[in-house]
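Student:
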Amino acid sequence: MKGPVLLLAAGVILLVAVTGNMYFNQDSVTPTVVEKPASPPASTKQKPVPGSLKYVPEDTFLFAGGVESYSVDDLVAMLKSQESISDTSIEELQKEIINNEGMPTGMKMLMSTLFEFSSSMKNPENFTTRLGLIDEIDSAIYTVGMLPVVRLKIENTDNFNTFIQDIEKKTNIQVIEKNFKGISYRSYPFDTPDTQNPSEMSLIIAVHDNYAIFSIEASFEREHYLSLILGIDKPEKALSDSSRLENISKKHNLHPAYLGFIDHVILTKAITNSSQNSFGRMFNYLVDKNTLDKDKTFATVRTASCQKELVAIAQNWPRTIMGYTKISLDTTPMRMDSRILLESNNKDMLEQLQSLRGFIPAVLSDEKYRALLSLALGLNVDALLPFITKMTADLTTIPYSCEPLKEMQMAIADNQQSPAVAMASMVLSGVKGLSLSLLDIDFVVSDEGSKPDIKSVDALVTISANDPSALLSKALAMAPAPFNTLQVPADGQAVDFPIPMSLPFELQPKIAIKGKNIVVYAGGNGETAALQLATENLSDNGLFALNIGYEKYSKVFNSALGMLGNLDEEQTEIFQSMGHFNADMSFLIDVNEHGPVMDAKITIH
Numbered sequence: 168m169k170g171p172v173l174l175l176a177a178g179v180i181l182l183v184a185v186t187g188n189m190y191f192n193q194d195s196v197t198p199t200v201v202e203k204p205a206s207p208p209a210s211t212k213q214k215p216v217p218g219s220l221k222y223v224p225e226d227t228f229l230f231a232g233g234v235e236s237y238s239v240d241d242l243v244a245m246l247k248s249q250e251s252i253s254d255t256s257i258e259e260l261q262k263e264i265i266n267n268e269g270m271p272t273g274m275k276m277l278m279s280t281l282f283e284f285s286s287s288m289k290n291p292e293n294f295t296t297r298l299g300l301i302d303e304i305d306s307a308i309y310t311v312g313m314l315p316v317v318r319l320k321i322e323n324t325d326n327f328n329t330f331i332q333d334i335e336k337k338t339n340i341q342v343i344e345k346n347f348k349g350i351s352y353r354s355y356p357f358d359t360p361d362t363q364n365p366s367e368m369s370l371i372i373a374v375h376d377n378y379a380i381f382s383i384e385a386s387f388e389r390e391h392y393l394s395l396i397l398g399i400d401k402p403e404k405a406l407s408d409s410s411r412l413e414n415i416s417k418k419h420n421l422h423p424a425y426l427g428f429i430d431h432v433i434l435t436k437a438i439t440n441s442s443q444n445s446f447g448r449m450f451n452y453l454v455d456k457n458t459l460d461k462d463k464t465f466a467t468v469r470t471a472s473c474q475k476e477l478v479a480i481a482q483n484w485p486r487t488i489m490g491y492t493k494i495s496l497d498t499t500p501m502r503m504d505s506r507i508l509l510e511s512n513n514k515d516m517l518e519q520l521q522s523l524r525g526f527i528p529a530v531l532s533d534e535k536y537r538a539l540l541s542l543a544l545g546l547n548v549d550a551l552l553p554f555i556t557k558m559t560a561d562l563t564t565i566p567y568s569c570e571p572l573k574e575m576q577m578a579i580a581d582n583q584q585s586p587a588v589a590m591a592s593m594v595l596s597g598v599k600g601l602s603l604s605l606l607d608i609d610f611v612v613s614d615e616g617s618k619p620d621i622k623s624v625d626a627l628v629t630i631s632a633n634d635p636s637a638l639l640s641k642a643l644a645m646a647p648a649p650f651n652t653l654q655v656p657a658d659g660q661a662v663d664f665p666i667p668m669s670l671p672f673e674l675q676p677k678i679a680i681k682g683k684n685i686v687v688y689a690g691g692n693g694e695t696a697a698l699q700l701a702t703e704n705l706s707d708n709g710l711f712a713l714n715i716g717y718e719k720y721s722k723v724f725n726s727a728l729g730m731l732g733n734l735d736e737e738q739t740e741i742f743q744s745m746g747h748f749n750a751d752m753s754f755l756i757d758v759n760e761h762g763p764v765m766d767a768k769i770t771i772h
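First residue of the sequence shown? That's 168 in the numbering used here, and the numbers climb one at a time after it.
Rendered as structure tokens:
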């Protein structure tokens with residue numbers, strides 16, 4: 168979803184996942200600034216609607232693309248911001264593929280294409296020419312039945328065909344050229360050279376109507392599915408005929424050019440044999456042939472009661488939604504914010520989950536610190552026992568008839584941890600969160616292979632609570648020496664925090680109560696961050712947060728080169744590549760009114 172190249176790479180990975188079962192079971196059969204609201208003003212010039220949407224069945228269980236095209240300049244900017252794996256690593260992997268005589272041709276072509284994408288990202292302008300891309304990117308990942316499809320609009324078909332042929336030559340892949348209803352395509356079987364039971368499936372690559380197409384050809388209803396994949400026939404109802412994507416964009420504040428979903432209802436209906444759509448028919452065919460169900464696992468959920476009850480659960484959690492909420496590519500620094508959300512219609516469950524939300528300090532993600540690493544757990548401890556009690560009661564009292572669901576209920580009833588949780592909740596009453604931050608570290612390596620000489624450490628540890636003084640007094644009263652004699656003033660004054668062990672470097676951390684937080688810190692930045700934390704109000708704003716500052720990692724990586732001693736060429740290249748990536752990344756897991764959500768922010772300097 169960072170442009171067609173990464174979208175194609177994701178598509179290749181999806182194809183690998185779908186075909187992996189066959190491989191391992193051969194014995195069975197706008198402007199560059201694209202930050203915008205989800206619903207643009209009427210005066211805003213709209214980007215063209217991607218033509219690829221008319222090829223996407225409305226009942227696809229997976230989609231990645233958008234309702235707007237985007238500029239190839241955006242693609243180039245995105246690729247320049249990405250760090251690929253090293254050239255040496257790619258070359259070694261390609262050699263392994265070439266020399267692996269037992270690997271199916273289809274798998275070889277999939278992996279080789281993915282590696283070629285990764286390698287070509289180092290020169291994005293040249294790559295867009297090699298691939299024959301148009302100025303306004305029009306691309307989509309979707310499914311026809313169970314078969315994944317990657318569709319990409321191209322301008323120069325000769326360039327694209329040359330790109331594919333170069334991969335074939337480099338990897339010594341023998342292609343099978345086929346023709347279906349006047350359309351030529353390239354086929355790569357998923358059978359090992361010595362297979363006795365052909366899988367009847369192949370990777371295919373084609374160009375039709377100026378679209379490059381990556382997909383899988385299967386024997387099941389071959390003409391029907393191949394006609395839809397190649398675009399000879401259009402779906403009876405296409406995604407372009409509905410407002411499904413527009414609604415997702417508006418509801419979840421996602422950029423209209425970069426969004427996607429996984430439909431849990433379609434998947435569940437297929438697994439339980441209650442679906443008669445194209446996905447369900449193909450899934451049933453594979454189950455009946457024992458290709459997907461050798462141990463009869465699916466048989467236990469393909470009863471009438473399981474069909475009804477599992478589909479009802481899926482309808483309460485209908486989709487996983489993903490996309491970008493903000494993209495600024497022509498600014499310094501560049502900024503990309505993304506979101507993955509598990510959509511829920513179970514309002515009672517959402518309220519219970521939201522009751523667990525605790526405090527994530529804003530200081531941890533403050534750009535002026537650019538912490539090397541910070542972790543935070545936001546948890547309302549007082550809500551934990553009521554949550555477990557209610558959820559256990561709700562989950563174990565629903566009158567299920569589906570056998571696997573009944574077994575789940577019995578397992579939950581037999582493994583209740585309420586007494587232990589009750590005791591922990593009593594001790595930690597009032598706690599709203601805790602965090603650990605390594606803001607900076609400075610060390611040198613005198614001799615190759617020697618241990619680092621640590622010069623300074625800036626760090627911050629916090630415990631947030633409604634009454635931090637009472638919590639600390641209770642904890643110190645139960646602590647062993649020398650902590651049980653520690654006196655921490657309630658007015659915010661810091662005192663030395665005892666370290667019961669000797670350290671190979673000089674460090675004297677401080678402990679204090681700052682606002683609603685117990686803090687232990689070291690270094691100048693640690694003290695500044697602790698003072699800033701004292702001004703923050705205690706609020707329920709998340710469940711978990713992670714922040715990584717790659718600028719400071721570069722310093723660590725460069726120093727680590729000397730500490731690690733003799734490295735080979737590939738290892739050295741990997742460390743040097745990591746050391747040049749100047750970016751900040753942050754992740755926040757929370758629960759909003761639509762469901763559990765993970766927001767990620769990448770700032771590239």
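Note that CB positions come from ideal geometry on N, CA and C, so glycine has one too.
Straight-line CA distance for residue 704 to residue 683?
Tutor: Stepping through the sequence shown from its first residue, residue 704 is reached at position 537. Stepping through the sequence shown from its first residue, residue 683 is reached at position 516. About 8 Å.
Student: Looking only at C-alpha atoms, which of 752, 555, 569 sits nearest to residue 583?
Tutor: Position 416 of the sequence shown, counted from the first residue, corresponds to residue 583. Closest option to residue 583, Cα to Cα, is 555.
Student: Do residue 626 and residue 689 have their beta-carbon atoms positioned less than 7 Å apart in this structure?
Tutor: By one-based count along the sequence shown, residue 689 stands at place 522. By one-based count along the sequence shown, residue 626 stands at place 459. Yes, they are a contact pair.
Student: Quick one: grab the DSSP three-state call for residue 396.
Tutor: Taking the sequence shown and counting its residues from 1, the one referred to as residue 396 is at position 229. Residue 396: helix per DSSP, three-state reduction.
Student: I'd like the list of long-range same chain contacts for residue 749, defined as Cβ closer than 8 Å, with 5 residues on each side in sequence excluded.
Tutor: Walking along the sequence shown from the start, residue 749 turns up at place 582. Closer than 8 Å at Cβ, skipping near neighbours: 717, 718, 721, 771, 772.
Student: Nearest to residue 375 by alpha carbon, out of 386, 384, 352, 390?
Tutor: In the sequence shown, the residue the question calls residue 375 occupies position 208. Ranking the options by Cα distance to residue 375, first place goes to 352.
Student: Quick check for students: name the residue ranges of the beta strand (DSSP E) that lie wholly in the segment 586-614, counting only runs of 3 or more.
Tutor: As far as the segment 586-614 is concerned, its whole beta strand (DSSP E) runs of at least 3 residues are 598-611.
Student: Can you tell me which residues form a DSSP beta bridge with residue 420?
Tutor: Numbered from its first residue, the sequence shown carries residue 420 at position 253. DSSP lists no partner for residue 420.
Student: Anyone know if the C-beta pair for residue 314 and residue 383 falls short of 7 Å?
Tutor: For this step, residue 314 is matched to residue 147 along the sequence shown. For this step, residue 383 is matched to residue 216 along the sequence shown. Against a cut-off of 7 Å, the Cβ pair of residue 383 and residue 314 comes out as a contact.
Student: Using 8 Å for Cβ pairs, my map puts residue 553 next to residue 512. What's the rounded Cβ distance?
Tutor: Taking the sequence shown and counting its residues from 1, one reaches residue 553 at position 386. Taking the sequence shown and counting its residues from 1, one reaches residue 512 at position 345. Actually they do not touch by this definition, with Cβ atoms about 23 Å apart.
Student: Please classify residue 771: does DSSP put it in a helix, a strand, or coil?
Tutor: Sequence index remark: in the sequence shown, residue 771 carries index 604 (1-based). Strand.
Student: Whole angstroms are fine: how far does the CA of residue 624 sit from the CA of residue 669?
Tutor: Your numbering for residue 669 matches position 502 in the sequence shown. Your numbering for residue 624 matches position 457 in the sequence shown. Each residue's alpha carbon lies about 16 Å from the other.
Student: Starting from the Cα of residue 489, find the closest Cα among 469, 477, 423, 526 and give me that residue.
Tutor: Your numbering for residue 489 matches position 322 in the sequence shown. If we check each option's Cα against that of residue 489, 423 comes out closest.
Student: For residue 340 and residue 293, I'd like the C-alpha separation in whole angstroms.
Tutor: Sequence index remark: in the sequence shown, residue 340 carries index 173 (1-based). Sequence index remark: in the sequence shown, residue 293 carries index 126 (1-based). Distance between the alpha carbons of residue 340 and residue 293: 24 Å.
Student: Within 10 angstroms of the Cβ of residue 534, are there 16 or more other Cβ atoms? Answer buried if so, exposed if not.
Tutor: Counting from one through the sequence shown, the residue named residue 534 turns up at place 367. The residue in question, residue 534, is exposed, as its Cβ has fewer than 16 Cβ neighbours within 10 Å.
Student: Using 10 angstroms around the beta-carbon of residue 525, count the other beta-carbons present and answer buried if the total reaches 16, otherwise exposed.
Tutor: For this step, residue 525 is matched to residue 358 along the sequence shown. Residue 525 is buried by the Cβ-count criterion.
Student: Rounding to the nearest angstrom, what Cα-Cα distance links residue 658 and residue 430 in this structure?
Tutor: In the sequence shown, the residue the question calls residue 658 occupies position 491. In the sequence shown, the residue the question calls residue 430 occupies position 263. Distance between the alpha carbons of residue 658 and residue 430 is about 54 Å.
Student: Would the beta-carbon of residue 600 fall within 7 Å of that of residue 520?
Tutor: Within the sequence shown, the letter at position 433 stands for residue 600. Within the sequence shown, the letter at position 353 stands for residue 520. No.
Student: Does DSSP classify residue 350 as helix, strand or coil?
Tutor: For the purposes of this step, residue 350 is taken as residue 183 along the sequence shown, with counting starting at 1. Strand at residue 350.
Student: Classify residue 662: buried if its beta carbon has 16 or more other beta carbons within 10 angstroms, exposed otherwise.
Tutor: Along the sequence shown, read from residue 1 onward, the residue named residue 662 stands at position 495. Flag for residue 662 reads exposed.
Student: Is the beta carbon of residue 439 less than 7 Å from the beta carbon of residue 473?
Tutor: Stepping through the sequence shown from its first residue, residue 439 is reached at position 272. Stepping through the sequence shown from its first residue, residue 473 is reached at position 306. Yes, they are a contact pair.
Student: Give me the Cα-Cα distance between residue 270 and residue 618, rounded to the nearest whole angstrom.
Tutor: If you number the sequence shown from 1, residue 270 lands on position 103. If you number the sequence shown from 1, residue 618 lands on position 451. Each residue's Cα considered, the two are about 44 Å apart.
Student: Identify every residue that forms a DSSP beta bridge with residue 276.
Tutor: Stepping through the sequence shown from its first residue, residue 276 is reached at position 109. Answer is none; residue 276 lacks a bridge partner.
Student: Would you decide whether residue 590 is buried or exposed? Buried here means 16 or more other CB atoms lie within 10 Å of its CB.
Tutor: By 1-based counting over the sequence shown, the position of residue 590 is 423. So residue 590 ends up on the exposed side.
Student: Am I right that residue 571 and residue 468 are in contact with their C-beta atoms under 8 Å? What's the rounded C-beta distance?
Tutor: As a first step, residue 571 is located in the sequence shown; it is residue number 404 there, counting from the start. As a first step, residue 468 is located in the sequence shown; it is residue number 301 there, counting from the start. Yes, they are in contact, since the Cβ atoms of residue 571 and residue 468 sit about 6 Å apart, within 8 Å.
Student: Using only alpha-carbon positions, find the residue among 680, 712, 713, 710 that is nearest to residue 699.
Tutor: Here residue 699 refers to the residue found at position 532 of the sequence shown. Of 680, 712, 713, 710, the residue nearest in Cα terms is 680.
Student: What does a CB cutoff of less than 6 Å around residue 712 pick up in its chain, not counting 5 residues either side in sequence?
Tutor: To locate residue 712, count along the sequence shown from 1; it is residue 545. So the list reads 527, 543, 755, once near-sequence residues are dropped.
Student: Is residue 573 helix, strand or coil by DSSP?
Tutor: Here residue 573 refers to the residue found at position 406 when the sequence shown is read from its first residue. Three-state result, residue 573: helix.
Student: Identify the residues that DSSP records as bridge partners of residue 626: which are they?
Tutor: Taking the first residue of the sequence shown as 1, we reach residue 626 at position 459. 605, 689.
Student: Compute the distance between the beta-carbons of residue 305 and residue 409, then report whether it is under 7 Å.
Tutor: For the purposes of this step, residue 305 is taken as the residue at position 138 of the sequence shown. For the purposes of this step, residue 409 is taken as the residue at position 242 of the sequence shown. Cβ distance not < 7 Å, so residue 305 and residue 409 don't count as in contact.
Student: Spatial neighbours of residue 548 within its chain, please: CB distance less than 6 Å, with the 5 preceding and 5 following residues excluded, ordered by chain position.
Tutor: If you number the sequence shown from 1, residue 548 lands on position 381. These residues qualify, in order along the chain: 592, 595, 598.
Student: Once DSSP output is grouped into helix, strand and coil, what is the label at residue 314?
Tutor: Counting from one through the sequence shown, the residue named residue 314 turns up at place 147. Correct three-state label for residue 314: strand.
Student: With DSSP run on the structure shown, which of helix, strand or coil describes residue 198?
Tutor: Here residue 198 refers to the residue found at position 31 when the sequence shown is read from its first residue. Reliability of the predicted coordinates at residue 198 is poor, the pLDDT of 32 falling under 50, and the value obtained from them is presented with this limitation in mind. Residue 198: coil per DSSP, three-state reduction.
Student: Going by Cα to Cα distance, which pick from 569, 568, 578, 546 is closest to residue 560?
Tutor: Locating residue 560 in the sequence shown gives position 393, counting from the first residue. Nearest of 569, 568, 578, 546 to residue 560, Cα basis: 578.
Student: Here's a check: name, in chain order, each residue in its chain whose Cβ is nearer than 6 Å to the Cβ of residue 322, leaving out the five neighbours to either side.
Tutor: As a first step, residue 322 is located in the sequence shown; it is residue number 155 there, counting from the start. If we look at residue 322 and ignore the five residues flanking it on each side, its Cβ neighbours are 299, 301.
Student: Report the option in 411, 665, 395 whose CA atom is closest to the CA atom of residue 687.
Tutor: Residue 687 sits at position 520 when you count from the first residue of the sequence shown. Nearest C-alpha to residue 687: 665.
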